[in-house]
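Peer 1: Taking our numbering, the leading residue of the sequence shown gets 56, the next gets one more, and so forth. Using N, Cα and C, we set each Cβ at its ideal position, and we do this for glycine too. The structure displayed is predicted, hence computed values, not measured ones. Mind having a look at this structure? Questions to follow.
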Amino acid sequence: MSADDINSKEKESEVHVHKGPWGHIIRGMWRTPLGLIGVVITTVSITLMIIGFIVDTLGLVDNPYAAIFTYMILPAGMMLGLAIIPIAAFLRRRQFYKFGISKEHLHINLSDHKHRRWVIGFIALTVINFAILAIIGYEGYHFTDSSYFCGKVCHTVMDPEYTAYQRSPHARVACVECHIGPGAQWFVRAKISGLRQVLAVATDSFSRPVPAPVEHLRPARDTCEHCHWPEKFHGKKIKIFTHFDNDDQVNPEVNEIALHIGGRNPKTDAFEGIHWHVSNNVEVSYLAVDKKRTQIAKVRVKRPDGTEDEFVKSDIEVPEGEDVEWRIMDCIDCHNRPTHVYDMPEERVDFGLLSKRINPEIPGIREDSLTVIRKNYATKDEANEQIVSYLLELQTQRDVETAKKYEEDIKRAGEFILEVYNANVWPAMNIGWGTYQMHLGHQYADEGYGCFRCHDEEHENANGDTITQDCSLCHDEPE
Ligand code: HEC
Ligand code: HEC
Ligand code: HEC
Ligand code: HEC
Ligand code: HEC
56 MSADDINSKE KESEVHVHKG PWGHIIRGMW RTPLGLIGVV ITTVSITLMI
106 IGFIVDTLGL VDNPYAAIFT YMILPAGMML GLAIIPIAAF LRRRQFYKFG
156 ISKEHLHINL SDHKHRRWVI GFIALTVINF AILAIIGYEG YHFTDSSYFC
206 GKVCHTVMDP EYTAYQRSPH ARVACVECHI GPGAQWFVRA KISGLRQVLA
256 VATDSFSRPV PAPVEHLRPA RDTCEHCHWP EKFHGKKIKI FTHFDNDDQV
306 NPEVNEIALH IGGRNPKTDA FEGIHWHVSN NVEVSYLAVD KKRTQIAKVR
356 VKRPDGTEDE FVKSDIEVPE GEDVEWRIMD CIDCHNRPTH VYDMPEERVD
406 FGLLSKRINP EIPGIREDSL TVIRKNYATK DEANEQIVSY LLELQTQRDV
456 ETAKKYEEDI KRAGEFILEV YNANVWPAMN IGWGTYQMHL GHQYADEGYG
506 CFRCHDEEHE NANGDTITQD CSLCHDEPE
């Protein structure tokens, strides 16, 4: 075919409109198969994107995958389509050269009204496309930063943390406020590590459970202290702890303590109390020999008066050459579970008895509830099937008559236990009771958690003084 053939062929179909070579090229974009593919991909992507955006904005669909499609996959499709079109046009242009159409004809001539129309049309379309991409990009950026995205997309992996988060004091604080924080550098780091995580989920190579403490968590100075500040004077806070016993399910032991949280005391201007560790002229740092930071070999302190001290626990050996690092104490070393708060079985069963969701009149119900809740179930489904009937069974073994008499109450107790189980245990992620523990007090000091990691009267300085465990240092009886 010669160039004349092509021209005459195209003239046949467009006899009444005269087209310059540019017209041919631009039209050629959707005359060639490649150009057509580009146009179809772009049009379909834009249309679906607009529908997805409207549906999402009106809140009609509550599905993270629909949002991923709208804000991530479709914009990529649109850009791909938009990239294909000029490539198709370029290839078509080459064809024209091949058939000897002179270069002159292919220049844009703005004084030609047809050329002008094409150029204006092209600019208008480009502006519209970029406007759409900008809006979708902005929404997509917010979407990938939302707690909903973090918590729901990688459902199996994040479900435990998301569930615990939703019942915590920070349930309205976005994941990114603590896990990324402000600033472009951390934003980029987070997106890169996010990609790595997506890859780990896609290839099923993530750790179960997700290890804590999080090694590369951004320092609390940049996250927590964005909303809280260490100087804030909290003074004392009264807390009441209620414990039952298998032998006495009715009359609890009640411990009422006034915690000296402290801060900068406005009367004396001095830092005092528990928050003394994070005051601006104090630095407490420590050397832990395990990843969980429960075995603390050495503690250093710089006090406001300029004195420094090092306390050493001689029976903890610091391994040679291992990458054990000194860590400056911050909020996370006490508040390690500010939002992913997991309960312990006794705590919840005792709460059940206190709130009467477990009827305390039923003999042996505390012991049986603990047995049922602590049992290892292979899956959540198995737990959902077995928990209520297992409790009934244990009670029947105790005494058939009483089990009959209290049948309804036992079932109600079983429902409560199932609820507690579902909020705390994830067999698929190997998360059981006590997988994630907190450092705030000393209730689990035996397992290496809490204040007594340092306040154990076993870390000694050169003079033989220790870090005190004097009860009244941290709390006393409320007045
Ligand atoms: C108030 C701050 C805060 C918020 C909000 C927050 N996290 Fe965390 N998160 C933490 C801290 C602190 C740790 C580290 C715990 C540790 O070191 O023991 C952590 C740990 C984790 C871990 C590691 C496993 C674990 O439980 O220790 C995952 C996964 C996680 N967060 C996911 C999320 C997701 C998903 C959200 C939002 C739904 C979220 N986080 C919201 C502070 C927060
Ligand atoms: C985006 C702001 C924000 C960030 C970031 C944040 N918090 Fe909070 N935090 C709050 C708010 C708001 C409350 C009060 C919630 C309430 O009382 O309803 C709160 C409450 C708390 C409480 C009291 C909990 C209780 O039992 O009442 C602690 C402790 C705390 N935050 C620690 C932390 C730590 C540790 C971090 C960093 C890992 C952190 N917060 C990051 C906003 C934030
Ligand atoms: C030495 C351990 C320790 C450190 C470090 C620490 N806290 Fe606390 N904080 C506590 C304890 C203990 C409480 C009382 C806990 C409770 O209510 O059960 C508390 C309570 C709080 C409260 C709630 C106060 C109230 O009136 O209810 C907030 C908010 C808080 N801390 C924020 C922070 C922030 C932010 C940091 C870091 C700048 C920080 N804490 C560092 C131990 C610590
Ligand atoms: C990493 C080690 C470490 C941990 C963990 C730790 N502390 Fe301390 N704490 C110290 C050191 C060191 C001192 C200062 C001892 C000295 O000056 O002789 C101190 C001092 C204190 C003081 C006295 C502050 C003052 O006004 O002088 C209080 C109160 C206190 N700690 C409470 C707590 C509580 C509550 C926890 C747990 C939530 C806790 N600490 C966890 C190391 C630690
Ligand atoms: C280094 C600080 C510190 C010292 C020293 C300390 N406590 Fe505590 N204690 C705490 C904190 C913090 C809590 C609150 C934990 C929480 O909020 O869950 C607590 C809670 C308690 C509770 C209530 C917990 C429960 O489950 O009933 C009792 C009881 C208690 N302490 C007794 C003592 C006794 C007795 C001593 C002296 C041997 C002592 N504590 C020394 C920090 C301390």
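1) Closer than 8 Å is the cut-off here; do at least three beta carbon pairs connect the segment 471-491 with the segment 392-405?
2) Extract the residue ranges of the alpha helix (DSSP H) inside the segment 389-476, only unbroken runs of 4 or more that lie entirely within it.
3) Identify whether Gln492 lies in helix, strand or coil by the three-state DSSP scheme.
4) From Ile413 to Phe296, what distance separates their C-alpha atoms?
5) Suppose only complete runs of 4+ residues qualify. What are the alpha helix (DSSP H) ranges in the segment 255-288, listed by chain order?
6) May I ask which residues mark the beginning and end of the alpha helix (DSSP H) holding Ile175?
7) From what residue to what residue does the beta strand (DSSP E) around Leu314 run?
8) Heavy atom of ligand 5 less than 6 Å from the Cβ of Phe296, yes or no?
9) Tell me the DSSP secondary structure of Ile486 in three-state form.
10) Given this structure, state the Cα-to-Cα distance separating Ala121 from Pro415, to the nearest angstrom.
11) Going along the chain, which residues of its own chain have a beta-carbon closer than 7 Å to the beta-carbon of Asp464, five neighbours each way excluded?
12) Should Gly469 go down as buried or exposed, given a rule of 16 or more other Cβ atoms within 10 Å for buried?
13) Mind checking whether Gly107 and Ile140 have CB atoms under 7 Å apart?
14) Does ligand 5 have even one heavy atom less than 6 Å from the beta-carbon of Asn306?
15) Only counting the same chain, and skipping five residues up and downstream in sequence, which positions put a Cβ closer than 6 Å to that of Ile387?
16) Look at His289 and Ile312 and say whether their C-beta atoms are less than 7 Å apart.
17) Are Arg229 and His395 touching if we call contact CB-CB under 7 Å?
18) Any heavy atom of ligand 2 inside 6 Å of the beta-carbon of His281?
19) Could you give the DSSP three-state label for Thr125: helix, strand or coil?
20) Quick check: the Cα distance between Arg348 and Ile142, rounded to an integer number of angstroms?
21) Could you please give the first and the last residue of the uninterrupted alpha helix (DSSP H) stretch that includes Gly107?
22) With burial defined as no fewer than 16 other Cβ atoms inside 10 Å of the residue's Cβ, what is the status of Gln492: buried or exposed?
23) Would you check if the distance between the CB atom of Phe537 and the CB atom of Leu408 is smaller than 7 Å?
24) Per DSSP, what kind of secondary structure is Ser8 in: helix, strand or coil?
25) Of the residues Ser262, Thr199, Val243 and Gln452, which one's Cα is nearest the Cα of Val212?
26) Which of helix, strand or coil does DSSP assign to Ser68?
27) Can you tell which of Cys506, Phe145, Asn391 and Ser410 has the C-alpha that lies nearest to the C-alpha of Asn306?
28) Would you check if the segment 441-455 and the segment 419-430 touch, i.e. whether three or more CB-CB distances between them fall below 8 Å?
29) In this structure, what does DSSP give as the bridge partners for Trp381?
30) Taking three-plus beta-carbon pairs below 8 Å as touching, is the segment 96-110 in contact with the segment 123-132?
31) To the nearest angstrom, report how far apart Ile190 and Lys435 are at their CA atoms.
32) Determine the burial state of Asp165: buried for a count of at least 16 other Cβ atoms within 10 Å of its Cβ, exposed for fewer.
33) Can you tell me whether Asn62 is helix, strand or coil according to DSSP?
34) Quick one: what's got a C-beta closer than 8 Å to Thr490's C-beta in the same chain, skipping five residues either side?
Peer 2: Quick answer:
1) yes
2) 400-409, 420-429, 435-453 and 455-460
3) Residue 492 sits at position 437 when you count from the first residue of the sequence shown. It is coil, neither helix nor strand.
4) Locating residue 413 in the sequence shown gives position 358, where the first residue counts as 1. Locating residue 296 in the sequence shown gives position 241, where the first residue counts as 1. Distance between the alpha carbons of Ile413 and Phe296 is about 18 Å.
5) 279-282
6) On the sequence shown, residue 175 is found 120 positions in, with the first residue counted as 1. Segment His168 to Thr199, the alpha helix (DSSP H) holding Ile175.
7) Position 259 of the sequence shown, counting from 1, holds the residue named residue 314. Unbroken beta strand (DSSP E) run through Leu314: Asp303 to Arg319.
8) Along the sequence shown, one-based indexing puts residue 296 at 241. Correct: Phe296 has its Cβ closer than 6 Å to ligand 5.
9) By one-based count along the sequence shown, residue 486 stands at place 431. DSSP places Ile486 in strand when its eight states are reduced to three.
10) Working through the sequence shown from its first residue, we reach residue 121 at position 66. Working through the sequence shown from its first residue, we reach residue 415 at position 360. Approximately 47 Å, taken between the alpha carbons.
11) What you label residue 464 is simply residue 409 of the sequence shown in a count that begins at 1. For Asp464, where only same-chain residues beyond five positions count, the Cβ hits under 7 Å are Asn414 and Ile417.
12) Here residue 469 refers to the residue found at position 414 when the sequence shown is read from its first residue. Burial state of Gly469 is buried, judged by a 10 Å Cβ sphere holding 16 or more other Cβ atoms.
13) Taking the first residue of the sequence shown as position 1, residue 107 is located at position 52. Taking the first residue of the sequence shown as position 1, residue 140 is located at position 85. Taking 7 Å as the Cβ cut-off, Gly107 and Ile140 do not qualify as a contacting pair.
14) The sequence position of residue 306 within the sequence shown is 251, counting from 1. No, ligand 5 has no heavy atom inside 6 Å of this Cβ.
15) Residue 387 sits at position 332 when you count from the first residue of the sequence shown. Contacts found: Ala275.
16) In the sequence shown, the residue the question calls residue 289 occupies position 234. In the sequence shown, the residue the question calls residue 312 occupies position 257. No. Outside cutoff.
17) Numbered from 1 along the sequence shown, position 174 holds the residue referred to as residue 229. Numbered from 1 along the sequence shown, position 340 holds the residue referred to as residue 395. According to the sequence provided, residue 229 is Ala. The question's Arg does not apply to it. Their beta carbons are not under 7 Å apart, which means Ala229 does not touch His395 by this criterion.
18) The sequence position of residue 281 within the sequence shown is 226, counting from 1. True, at least one ligand heavy atom lies under 6 Å from that Cβ.
19) Here residue 125 refers to the residue found at position 70 of the sequence shown. Thr125: helix per DSSP, three-state reduction.
20) As a working note, residue 348 is residue 293 in the sequence shown. As a working note, residue 142 is residue 87 in the sequence shown. Taking the straight line from one Cα to the other gives about 57 Å.
21) As a first step, residue 107 must be located in the sequence shown, where it is residue number 52. Per DSSP, Gly107 belongs to the alpha helix (DSSP H) from Pro88 to Thr112.
22) Taking the first residue of the sequence shown as 1, we reach residue 492 at position 437. Gln492 is buried by the Cβ-count criterion.
23) The structure shown does not extend to residue 537, since the chain is modelled only from 56 through 534, so no value can be given for it.
24) Nothing can be reported for residue 8, as the shown portion of the chain is limited to 56 through 534.
25) If you number the sequence shown from 1, residue 212 lands on position 157. Val212 has its Cα closest to that of Ser262, out of Ser262, Thr199, Val243 and Gln452.
26) Translated into positions along the sequence shown, residue 68 becomes position 13. For Ser68, the predicted model reports a pLDDT of 43, less than 50, meaning its position is unreliable; a value from the coordinates is still stated below. Residue state, collapsed to three classes: helix.
27) Counted from its first residue, the sequence shown places residue 306 at position 251. Here the closest residue by C-alpha is Ser410.
28) yes
29) In the sequence shown, counting from the first residue as 1, residue 381 sits at position 326. Trp381 is bridged to Leu342.
30) yes
31) Here the question's residue 190 lines up with position 135 in the sequence shown. Here the question's residue 435 lines up with position 380 in the sequence shown. Spanning the two alpha carbons is a distance of roughly 41 Å.
32) Mapped onto the sequence shown, residue 165 falls at position 110. At residue 165 the sequence reads Leu, which differs from the Asp that was named. Exposed, because fewer than 16 other Cβ atoms sit within 10 Å of the Cβ of Leu165.
33) To locate residue 62, count along the sequence shown from 1; it is residue 7. Caution applies to Asn62, whose pLDDT of 46 falls short of 50 and renders its modelled position unreliable; the model cannot decide the point.
34) By one-based count along the sequence shown, residue 490 stands at place 435. Cβ within range, chain order: Pro264 and Tyr397.
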